[in-house]
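**Q** Below is one structure. I have some questions about it.
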Amino acid sequence: MMEVVEQAKRVCPLVIFTLDSGPLAALDRDSSTGPMRKKLVDTLATMQDYAEAKSLARATGGAAGPTLANLLTYTRAGHGYLSAQKLALKESDQVMTDRTYAAARLFAVPHEIDPAGRVPMCAHVRIGSGKPPAARLHYYDDTDNTGLIIVGYIGEHLPSPSKN
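Under the working numbering, the residues of the sequence shown are numbered 2 to 165, in order.
Written as structure tokens, this is what we have:
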């Protein structure tokens, strides 16, 4: 999984990684993560394509349009390499109103995006199955401002009422 991220850093300039490599390295050590590699590649390629399409729409003087509102609408419109069923734009109210669960979803971003250097990353992609480690990729879509998508976490499912 680490090699996928390293390759993406070279070929996906609109996808920025601020993640701690520890949870990602733990996935590399798990023997069940083989099928996740393709899902991770597909996810990162779709993110790059979405960010490029949105940037191009704006650069040509047009509005981004409804299919570029967010990554989910982009995939629902048939774009990218990722099933829309693997995407969630938010967490449940139960997760976000619990301080412990909400804090687990705060990840680093460049200071140009948020002066505090951390934002909640509730949007996520299920890159694993529902079985442990149930890997997730959490991201922040800043394509409306900087044109970037920030990936703050790739690892096992974060704490939640259904997981704990």
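Ideal placement from N, C-alpha and C gives every residue a C-beta, glycine not left out.
Is it true that the CB of tyrosine 140 sits closer than 9 Å to the CB of glycine 153?
**A** Yes, these two residues count as a Cβ contact at 9 Å.
**Q** Assuming contact is defined by CB atoms lying nearer than 9 Å, are serine 22 and methionine 3 in contact in what I supplied?
**A** Contact: yes.
**Q** Can you name the residues that DSSP bridges to histidine 139?
**A** BP columns for histidine 139 point to His125 and Tyr154.
**Q** Roughly how many angstroms separate the alpha carbons of leucine 83 and valine 42, rounded to a whole number?
**A** Computed Cα separation, rounded: 10 Å.
**Q** Taking proline 160 as the reference, give the member of Asp99, Thr147, Ala58 and Ser130 with the closest Cα.
**A** When only C-alpha atoms are compared, the closest one is Asp99.
**Q** Just checking my contact of valine 96 with tyrosine 102 at CB under 8 Å: how many whole Å lie between their CB atoms?
**A** Between tyrosine 102 and valine 96 the Cβ distance is about 4 Å, and since that is below 8 Å, they are a contact.
**Q** On the three-pair Cβ rule with 8 Å, is the stretch 111-118 touching the stretch 69-81?
**A** No, the stretch 111-118 does not touch the stretch 69-81.
**Q** Which residue from Lys40, Ala104 and Thr61 puts its Cα closest to that of valine 126?
**A** Comparing Cα positions, the closest option is Lys40.
**Q** Which residues mark the beginning and the end of the alpha helix (DSSP H) in which valine 110 is found?
**A** Unbroken run through valine 110: none, as it is neither H nor E.
**Q** Which residues share a DSSP beta bridge with valine 16?
**A** Looking at the DSSP assignment, valine 16 forms a beta bridge with Ile150.
**Q** Within the same chain, show all residues whose beta-carbon is closer than 6 Å to that of phenylalanine 108, passing over the 5 residues directly before and after it, in chain order.
**A** If we look at phenylalanine 108 and ignore the five residues flanking it on each side, its Cβ neighbours are Met122, Gly153 and Tyr154.
**Q** In terms of residues, what are the limits of the alpha helix (DSSP H) holding tyrosine 51?
**A** 35-60 is the span of the alpha helix (DSSP H), which, as asked, contains tyrosine 51.
**Q** Please name the residue in Ser163, Ala105, Ser56 and Val120 whose C-alpha comes closest to that of threonine 144.
**A** Checking every option, the nearest Cα to that of threonine 144 belongs to Ser56.
**Q** Answer with buried or exposed for aspartate 94, where buried requires no fewer than 16 other C-beta atoms within 10 angstroms of its C-beta.
**A** The residue in question, aspartate 94, is exposed, as its Cβ has fewer than 16 Cβ neighbours within 10 Å.
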